[in-house]
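This report concerns only the one structure given below.
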Amino acid sequence: MRGMMMDFPLTLPTILERAGKLFGKVEIASRKPDRSLVRYTYADFYRRARRLARALELAGVKRGDRVATLMWNHARHFEAYFGIPATGAVLHTLNLRLHEDAFAYVINHAQDRFLIVDDLLLPLYEKVRDKVKFERVIVTPFGGAEIPAGMENYEDFLAGADDNFEYPQIDENEAAAMCFTSGTTGFAKGVLYSHRALVLHSLAEATVDAFGMSQHDTVLPACSMFHANAWGVPFTAAMVGAKLVFPGPNLDAESVLDLIEQERVTIACAVPTVWIGILAALEKSPQRWKFTNEVRVPVGGTAPSEALIRGLDKFGFHIRHLWGMTETAPLGTLCQVRSHMKDWSADEQYAVRVKQGYPAPFVELRIRGENGITPWDGETPGEVEVRGPWVARCYYNSPEDNHRWTEDGWFKTGDVACIDEDGYVKIVDRAKDLIKSGGEWISSVDLENSLMAHPAVLEAAVISVPHPKWDERPLAVVVLKEGRQATPEELRAFLATKFAKWQLPDAFVFVEQIPKTSVGKFLKIALRKKYANWNWQAGA
Ligand code: AMP
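This note's numbering puts the first residue of the sequence shown at 2, with every later residue one more than the last.
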């Protein structure tokens, strides 16, 4: 017998409508590049997001079309988060840290029709302008820069529409948003989120044991809005009616702390690199900021260290460790000390909190070791596989990557972990050959292939080495051809034509040979072990 409940679609416009009807008086504060704050409300946001939808519709945007954004974290971007999907089109948030070749690739692969871009980010667009074809380029006057001829002012674009937008009947499985994520080699892979996935993700994210977000909260998304939809936070905040505070482009510790203090932020989201800087600033000037409340700090992207969790606790900033991926929208696991652990010692509880945690509701997780699915013994490692309603089932137009899914439909994450008797996952290694620096990916394999194209280089292995500020940084181990010379500066300059500056190895070590596995692959485990205590300052 089938249940007799309505088949009501889970779509983002339902969240937008509710926010407009119920939370009109709730404030949204958004920081300009000069650090001044612009304040408006959900009522303004609702009207403007619908205006944007109407303007896009009048401009000819159709269901399923991709509309790209190249924007910092601010209120206009928030409008795009809802205005674009409300038309049935797909919000494609462009990563502004990509090298221009990767950037052009992503735009062309997604076949983006329109671009909404911050005036301050126009120089990035200019770099790829000849390689991409946007039908319209709409510029937000964010930093007060002049809008070039041939482009439209976002405000004029909105003013040209009316308030008569009517939502199309969107099927919950239609695409709403798209993000690209790094592959181990080659160009990025597109993840295409459905309305249903984003709505269910928002419901799970709001739960008390996850972000615990409600209309009482003031939320600061200091995680990039181009990275996994700022962890879905803008959608969740609109769903529950939380006040939002957007930081703009200034993510230095002082700027973020000023905002938290001034706006009485209760939930602040950012990658560990940002929090490392914040803890240093707090320790340096403990009296400078006066906080009136405790702050919940959902953290993911890389693992926060125990020292960071302990250090921030002292200042009333409580890390909630999460694990996730662009492919998982991103919430995968969450780490709370569970009820049966509440009488454990502080040390024991910290030992729990550094783990990535247990799966969020509706996320299923298993670990595949050498001998099949591992027991929950806290020590047998294997690759994490996940499935769930907000986990990607394939990449966008990328059938060559289908091997990332098992035959029975689980996504192979490339993370190596063990799982304990309570279901807590602890990541111990990474099977994928990638380096995560300050929350953004660098492909070792791409760097190696490029280095080995240098006429003086015989072999090169690039490994991830722990770094106090960026969590990880690339180090290149290089074997030169007999009789040939090359300096680190030369090799960096050689790579700089293909990679963004922050992706270049910080150190080059010249060796006679690179250790190899029995099948001739670089033995990276040995290299990582050898250089684990690399002193970046001393370069040795
Ligand atoms: P991205 O798709 O860029 O968000 O990257 C996802 C990857 O980041 C995961 O597969 C992990 O390798 C890493 N990651 C995310 N969260 C954590 C965490 N809490 N601890 C360790 N690694 C993490």
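We put the beta carbon where it would ideally sit given N, CA and C, even for glycine.
Those residues which DSSP pairs with residue i across a bridge
i	result
Cys419	Lys427
Val446	DSSP, once it has assigned bridges, lists no residue as partnering Val446.
Arg321	Pro299
Ala176	Ser195
Arg40	Ala30
Ala223	Answer is none; Ala223 lacks a bridge partner.
Leu335	Leu323, Tyr359
Asp472	His468
Thr70	Thr94, Ile117
Val458	Leu481
Ser286	For Ser286, which the question treats as bridged, DSSP gives no partner whatsoever.
Phe236	Note: Phe236 sits in no beta bridge, so no partner.
Phe412	Val387, Trp406
Check: residue i C-beta below 8 Å from any heavy atom of ligand 1
i	result
Gly187	no
His228	yes
Val220	no
Val300	yes
Gln357	yes
His322	yes
Leu400	In the sequence as displayed, the identity of residue 400 is Pro instead of Leu. False, no ligand heavy atom lies under 8 Å from that Cβ.
Glu546	Nothing can be reported for residue 546: it is not among the residues displayed for the chain, which extend from 2 to 541.
Ser465	no
Val428	Strictly speaking, residue 428 in this sequence is Ile, with Val absent from that position. Correct: Ile428 has its Cβ closer than 8 Å to ligand 1.
Pro456	no
Gly415	yes
Ala238	no
Thr303	yes
Thr182	yes
Arg529	no
Lys437	yes
Gly325	yes
Pro376	no
Trp442	yes
Pro382	no
Pro475	no
Arg431	yes
C-beta atoms of residue i and residue j nearer than 9 Å
i	j	result
Asp8	Ala69	no
Leu245	Thr219	yes
Leu221	Pro248	yes
Met326	Ala229	yes
Pro299	Arg265	no
Val118	Met72	yes
Ala50	Phe83	yes
Arg529	Ala508	no
Ser542	Lys190	Outside the shown range of the chain (2 to 541) lies residue 542, about which nothing can therefore be said.
Leu505	His455	no
Leu193	Ala178	yes
Arg52	Phe166	yes
Ala361	Ala207	no
Ala60	Phe115	yes
Gly333	Val355	no
Ile171	Phe158	no
Ala418	Ile368	yes
Glu328	Thr182	yes
His93	Ser31	no
Leu476	Val200	no
Tyr542	Gly383	The question about residue 542 has no answer here: the residues shown for the chain are numbered 2 through 541.
Sequence-distant residues of the same chain with beta carbon closer than 8 Å to residue i, five excluded per side
i	result
Val480	Val458, Leu459, Glu460, Ala461, Phe511, Val512, Glu513, Gln514, Ile515
Val129	Glu101, Phe104, Ala105, Ile108
Glu386	Leu366, Arg367, Ile368, Arg369, Thr407, Trp411, Phe412, Lys413, Thr414
Gly301	Trp232, Val272, His322, Leu323, Trp324, Gly325, Pro331
Val296	Ile261, Val266, Thr267, Ile268, Ala269, Gly317, Phe318, His319
Neighbourhood of residue i by C-beta, 6 Å cutoff - its chain only, sequence neighbours within 5 removed
i	result
Ala271	Ala223, Cys224
Thr303	Pro273, Lys437, Asp472
Pro14	Ala87, Tyr168
Gln337	Asp210
Trp503	none
Ala393	Val192, Glu328
Contacts around residue i, its chain only, beta-carbon distance under 7 Å, and the 5 residues preceding and following it disregarded
i	result
Ala571	As displayed, the chain neither begins before 2 nor continues past 541, which places residue 571 out of reach and without an answer.
Arg36	Asn251, Ser256
Asn174	Ser195, Arg197
Leu280	Leu309, Gly312, Leu313
Gly145	none
CB contact check: residue i to chain B, cutoff 9 Å
i	result
Ile277	In the structure shown, chain B cannot be found, because there is only a single protein chain.
Contact between the stretch 229-242 and the stretch 97-113 (3+ Cβ pairs under 8 Å): In short, these stretches do not touch, since the Cβ pair count stays below three.
Stretch-stretch touch, CB-based, cutoff 8 Å, three pairs: the stretch 335-351 with the stretch 366-386: No, the stretch 335-351 does not touch the stretch 366-386.
At least three beta-carbon pairs within less than 8 Å, the stretch 463-477 to the stretch 431-449: The answer is yes - the stretch 431-449 touches the stretch 463-477, with three or more Cβ pairs under 8 Å.
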